[in-house]
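What follows is a set of notes on a single structure, which appears directly below.
Residue numbers (the numbering used here): 133 to 537.
Here is the structure:
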């Protein structure tokens with residue numbers, strides 16, 4: 133396992149994580165990205181900005197979130213002890229609020245009064261609409277039509293919060309298409325509009341900025357596990373679509389002898405071609421302004437991703453994850469739709485916690501990992517969000533009885 137002793141402070145001054153990352157965008161967007169990077173670097177070193185961000189996290193987002201010892205889940209797996217980092221208990225029900233509060237605070241700091249965002253599962257859209265409402269800003273959310281159908285409760289939440297939801301019908305109507313449309317819109321509105329990207333993806337400085345806003349997850353986990361166990365965990369596990377919750381958990385531990393496992397969506401199985409395992413089965417290319425692993429054919433055309441989880445249904449991944457994979461610093465595994473559904477049901481019934489389908493992928497791998505490790509080892513799973521939004525999908529997949537019967 134490669135440790136952070138060889139990792140170094142990244143990205144470099146041009147926004148690269150080794151050979152990955154960068155700024156592959158239209159010429160018209162470069163001034164906006166340069167303005168954003170300069171503003172972020174200034175804000176990052178500004179005590180007043182950081183104090184405002186920390187106050188929002190504590191007083192509005194409800195941090196710190198608990199680190200819960202999942203005793204019945206541990207007993208079910210048989211083996212290593214499983215802890216759950218409860219990001220599902222943050223305001224709006226997912227880790228997404230950490231990043232959106234940071235970016236909308238930055239937009240306000242830069243004097244921009246309009247924000248846009250893209251969303252797949254809807255949690256990033258809800259979190260952006262929430263932060264925009266808090267700051268009294270105009271908010272426009274781009275969302276694929278398939279995701280609008282799958283995540284109807286979150287669409288209603290965004291509208292209630294005052295955001296305009298823009299359905300995107302191109303392609304498969306999922307997250308990739310929403311991000312394409314959001315970037316196209318931003319080209320024409322860049323003067324007064326801030327684009328709130330929801331993952332550690334997109335052009336520099338977004339992967340760095342989102343990672344920094346999300347590192348609160350790992351910082352809290354470090355303090356909490358030292359308090360509970362008197363030592364660091366043996367393994368960290370998180371689901372990976374774009375990779376923001378995983379990077380937030382992993383980043384503060386890069387200097388430590390702690391294993392890291394990112395769990396991608398295998399969908400119907402890697403061999404079926406209907407999956408979203410970008411790091412497991414993808415190749416290197418450029419998408420949405422950044423160089424990383426993608427699902428693409430031999431001609432460089434983007435292949436559609438598939439997952440039962442809308443939040444993992446994305447054919448790219450953040451460039452820092454690509455470097456961690458290349459260095460062997462983190463390991464990336466995958467879980468099928470059916471395995472995620474089993475973990476969704478098991479966590480609900482054993483611990484009274486209904487996880488997001490995204491998080492259920494991480495829980496499913498944690499059950500496998502715990503079973504082959506001794507009882508004196510410790511695993512921390514990032515429970516990135518709650519599952520209310522996924523109930524209709526799960527009920528249909530498991531053929532649960534209709535409440536009208």
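Glycine included, C-beta positions come from ideal geometry on N, C-alpha and C. Just so you know, these numbers come straight off a predicted model, no measurement behind them.
Practice task
Would you give the residue range spanned by the alpha helix (DSSP H) that residue 369 belongs to?
Solution key: Counted from its first residue, the chain shown places residue 369 at position 237. Counting along the chain, residue 369 falls outside any alpha helix (DSSP H), though it belongs to the beta strand (DSSP E) covering 367–371.
Exercise for the section: Return the bridge partner residues of residue 514 from the DSSP annotation. Expected result: Within the chain shown, residue 514 is the residue found at index 382, counting from 1. DSSP, once it has assigned bridges, lists 217 as partnering residue 514.
Handout entry: residue 280 beta carbon less than 8 Å from that of residue 224
Key = Position 92 of the chain shown holds residue 224. Position 148 of the chain shown holds residue 280. Not a contact, by the Cβ cut-off of 8 Å.
Exercise for the section: Verify whether the separation of the beta carbon atoms of residue 521 and residue 254 is less than 8 Å. Expected result: Translated into the one-based positions of the chain shown, residue 521 becomes position 389. Translated into the one-based positions of the chain shown, residue 254 becomes position 122. Contact: yes.
Problem - Proximity of residue 238 and residue 171 at Cβ, strictly below 8 Å - result: Taking the first residue of the chain shown as 1, we reach residue 238 at position 106. Taking the first residue of the chain shown as 1, we reach residue 171 at position 39. It is a contact, given that the beta carbons lie within the stated cut-off.
Problem - Distance, residue 434 Cα to residue 409 Cα - result: Against the chain shown, residue 409 aligns to sequence position 277. Against the chain shown, residue 434 aligns to sequence position 302. So the alpha carbons of these two residues sit roughly 13 Å apart.
Exercise for the section: Name the one or two DSSP bridge partners that residue 251 has. Expected result: To locate residue 251, count along the chain shown from 1; it is residue 119. According to DSSP, which records beta bridges pairwise, residue 251 is partnered with 275.
Handout entry: Contact between the stretch 415–426 and the stretch 448–466 (3+ Cβ pairs under 8 Å)
Key = yes
Handout entry: Status (buried if at least 16 other CB within 10 Å, exposed otherwise) for residue 162
Key = Within the chain shown, residue 162 is the residue found at index 30, counting from 1. Residue 162 is classed as exposed because its beta carbon has fewer than 16 other beta carbons within 10 Å across all chains shown.
Handout entry: Buried versus exposed call for residue 173 [16 or more other C-beta atoms within 10 Å across all chains shown]
Key = Within the chain shown, numbered from 1, the residue matching residue 173 stands at position 41. Exposed is the call here.
Exercise for the section: Could you work out which residue in 314, 298, 414, 444 is closest to residue 430 when comparing CA atoms only? Expected result: Counting from one through the chain shown, the residue named residue 430 turns up at place 298. Comparing Cα positions, the closest option is 414.
Practice task
Using a threshold of 8 Å, state whether the C-beta atoms of residue 510 and residue 494 are closer than that.
Solution key: As a position in the chain shown, residue 510 is number 378, starting the count at 1. As a position in the chain shown, residue 494 is number 362, starting the count at 1. Contact: no.
Problem - Per DSSP, cross-strand counterpart(s) of residue 325 - result: Start at 1 with the first residue of the chain shown, and residue 325 comes out as number 193. Paired residues: 246.
Exercise for the section: Provide the residue(s) that pair with residue 478 in DSSP beta bridges, ordered along the chain. Expected result: Numbered from 1 along the chain shown, position 346 holds the residue referred to as residue 478. Note: residue 478 sits in no beta bridge, so no partner.
Problem - Coarse secondary structure for residue 151, derived from DSSP in three states - result: As a first step, residue 151 must be located in the chain shown, where it is residue number 19. Coil at residue 151, not helix or strand.
Problem - Sequence-distant residues of its chain with Cβ nearer than 6 Å to residue 124 (five each side left out) - result: For the chain, the structure presents residues 133 to 537; residue 124 sits outside this window and is missing.
Handout entry: DSSP three-state assignment for residue 299, whether helix, strand or coil
Key = Here residue 299 refers to the residue found at position 167 of the chain shown. Three-state DSSP puts residue 299 in a strand.
Practice task
Apply the 10 Å Cβ neighbour rule to residue 532 and answer buried if 16 or more other Cβ atoms are within range, or exposed otherwise.
Solution key: What you label residue 532 is simply residue 400 of the chain shown in a count that begins at 1. By the neighbour-count rule (16 or more Cβ atoms within 10 Å), residue 532 is not buried but exposed.
Handout entry: Coarse secondary structure for residue 350, derived from DSSP in three states
Key = As a first step, residue 350 is located in the chain shown; it is residue number 218 there, counting from the start. DSSP places residue 350 in helix when its eight states are reduced to three.
Exercise for the section: Could you work out which residue in 217, 205, 233 is closest to residue 182 when comparing CA atoms only? Expected result: What you label residue 182 is simply residue 50 of the chain shown in a count that begins at 1. For the set 217, 205, 233, the Cα lying nearest the Cα of residue 182 is the one of 233.
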